[in-house]
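Residue numbers (my numbering): 854 to 1188. Cβ atoms here follow ideal geometry from the backbone N, Cα and C, with glycine treated the same way. Quick notes on the structure that follows.
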């Protein structure tokens, strides 16, 4: 009995320590997500080819992850444990899904106005909760489901505030439906599936966070490279060169974005071990980052937060509080 008590008391500080790391990494990730649009706007010229910045970001991610793995001593162990099949099982499918999702988002973005795009894009939070239940049997309490809907309402308000000054789409309704709304909804489903699969790899397969970052970056880059053979970006690279439009300052948002990718892996790893809800945690981070963006725009550009942003703030705070306070608890069966 004493041994059991000592084991429980020993695991409690460990759990609290991991929980602290989740909040710390989530805070850094929120700041990174929130600041990324402003940094990219200032340091990336319009001439920069999108594919080159994305592939460079993936390369920086791989280098950062390998350095961190070498520092913690896990790089040497991979020679014995790593297998191609294991890598493809854990990281290959999510990476391929994310690549397809990004392609669908590009199609949708061209055929929808920014407001509609932003609002519909928030449906990925619902699909994330659905797939974490299907794949991981991770149930949500009634209060947590309510918190998710509050979060979606906050995201919709923020999207309206962001897109209220932009014009609406004047395209053909059928074109908007089949080349705008449908691809975006499919992308939201894929986003939820990929998030759940990443959490499964970290939680069930015990796939290390840094290793998964390396594998997904390599697979994603290969998919992106394959797409350049018949894409406008590929033609632009052939004509102007890979680093067309780059300046030394372009490395700042690329590196910043890569660090965000590392933080996503850490949040997935630690949150998956503590509260089994890393995918949902990332949903809260993404929406909270919209508020950070609004604040930074006010501080650096003098653009005050919209009324929608001010209405969304208490909703996000309430949603996070409810979600953390009322976790799902299985009912105990009576003997």
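Distance CB(residue i)-CB(residue j) smaller than 7 Å
i: residue 1098; j: residue 901; result: yes
i: residue 1046; j: residue 984; result: yes
i: residue 939; j: residue 1146; result: no
i: residue 1036; j: residue 961; result: yes
i: residue 1180; j: residue 1051; result: no
i: residue 1067; j: residue 915; result: yes
i: residue 978; j: residue 950; result: no
i: residue 904; j: residue 1108; result: no
i: residue 1113; j: residue 954; result: no
For residue i, three-class secondary structure by DSSP
i: residue 1068; result: helix
i: residue 993; result: coil
i: residue 1159; result: coil
i: residue 964; result: helix
i: residue 1028; result: helix
i: residue 896; result: helix
i: residue 1005; result: helix
i: residue 1084; result: coil
i: residue 1182; result: coil
i: residue 928; result: coil
i: residue 902; result: coil
i: residue 1100; result: coil
i: residue 1114; result: helix
i: residue 1094; result: coil
i: residue 857; result: Note on residue 857: pLDDT 44, under 50, position unreliable in the model; no value is reported.
i: residue 1061; result: coil
i: residue 1108; result: helix
i: residue 873; result: helix
i: residue 1053; result: helix
i: residue 883; result: helix
i: residue 976; result: coil
i: residue 981; result: helix
i: residue 1171; result: helix
i: residue 1021; result: Low per-residue confidence applies at residue 1021: pLDDT is 45, beneath 50, and the placement is therefore not dependable, though the value from the model is reported in the following sentence. If DSSP states are grouped into helix, strand and coil, residue 1021 belongs with coil.
i: residue 936; result: coil
Distance between residue j and residue i (C-alpha atoms, nearest Å)
i: residue 913; j: residue 956; result: 22 Å
i: residue 1100; j: residue 1174; result: 43 Å
i: residue 931; j: residue 1003; result: 43 Å
i: residue 1188; j: residue 1120; result: Interpretation of residue 1188 is limited by its pLDDT of 46, a score under 50 that renders its predicted location unreliable; the figure taken from the coordinates is listed afterwards. One C-alpha to the other measures close to 39 Å.
i: residue 880; j: residue 1093; result: 39 Å
i: residue 1128; j: residue 1172; result: Confidence is the limiting factor: at residue 1128 the pLDDT is only 48, short of 50, which leaves the residue's position unreliable, though a coordinate-based value still follows. Roughly 16 Å separates the two Cα atoms.
i: residue 1034; j: residue 1044; result: 15 Å
i: residue 1019; j: residue 892; result: The pLDDT assigned to residue 1019 is 48, lower than 50, so where the model puts this residue is not dependable; a value taken from the coordinates is nonetheless given after this. Roughly 21 Å separates the two Cα atoms.
i: residue 1148; j: residue 1163; result: 11 Å
i: residue 910; j: residue 1153; result: 25 Å
i: residue 1138; j: residue 937; result: 32 Å
i: residue 924; j: residue 1111; result: 18 Å
i: residue 934; j: residue 1086; result: 38 Å
i: residue 1103; j: residue 929; result: 33 Å
i: residue 1083; j: residue 1073; result: 17 Å
i: residue 1057; j: residue 1141; result: 28 Å
i: residue 919; j: residue 877; result: 22 Å
i: residue 1176; j: residue 1042; result: 22 Å
i: residue 1007; j: residue 1159; result: 13 Å
i: residue 1049; j: residue 993; result: 14 Å
i: residue 894; j: residue 1105; result: 11 Å
i: residue 1028; j: residue 890; result: 29 Å
i: residue 990; j: residue 1090; result: 45 Å
i: residue 982; j: residue 1079; result: 32 Å
i: residue 1156; j: residue 1009; result: 20 Å
i: residue 883; j: residue 1071; result: 25 Å
i: residue 856; j: residue 1151; result: Its pLDDT being 48, under 50, residue 856 is placed unreliably by the model, and nothing is read from it.
i: residue 926; j: residue 1069; result: 21 Å
Closest Cα partner of residue i within the set the options
i: residue 1060; options: 944, 984, 978 and 1077; result: 944
i: residue 1040; options: 976, 1062 and 995; result: 976
i: residue 875; options: 937, 1116, 958 and 981; result: 1116
i: residue 1169; options: 936, 980 and 1001; result: 1001
i: residue 941; options: 999, 1164, 899 and 1064; result: 1064
i: residue 1031; options: 990, 1104 and 964; result: 964
i: residue 1166; options: 1176, 1143 and 1077; result: 1143
i: residue 1118; options: 1089, 1055, 990 and 1155; result: 1055
i: residue 922; options: 1062, 1079, 1071 and 883; result: 1062
i: residue 958; options: 998, 1038, 899 and 995; result: 1038
i: residue 952; options: 1178, 1076, 1182 and 980; result: 1076
i: residue 1178; options: 1161, 873 and 997; result: 997
i: residue 1182; options: 1161, 980 and 995; result: 995
beta-carbon residue i near the ligand FMN non-hydrogen atom, thresh 6 Å
i: residue 1050; result: Of ligands this structure carries none, so the ligand FMN is not represented either.
Whole-Å CB distance - residue i paired with residue j, under 8 Å assumed
i: residue 987; j: residue 1053; result: No, residue 987 and residue 1053 are not in contact; Cβ-Cβ is about 10 Å, not under 8 Å.
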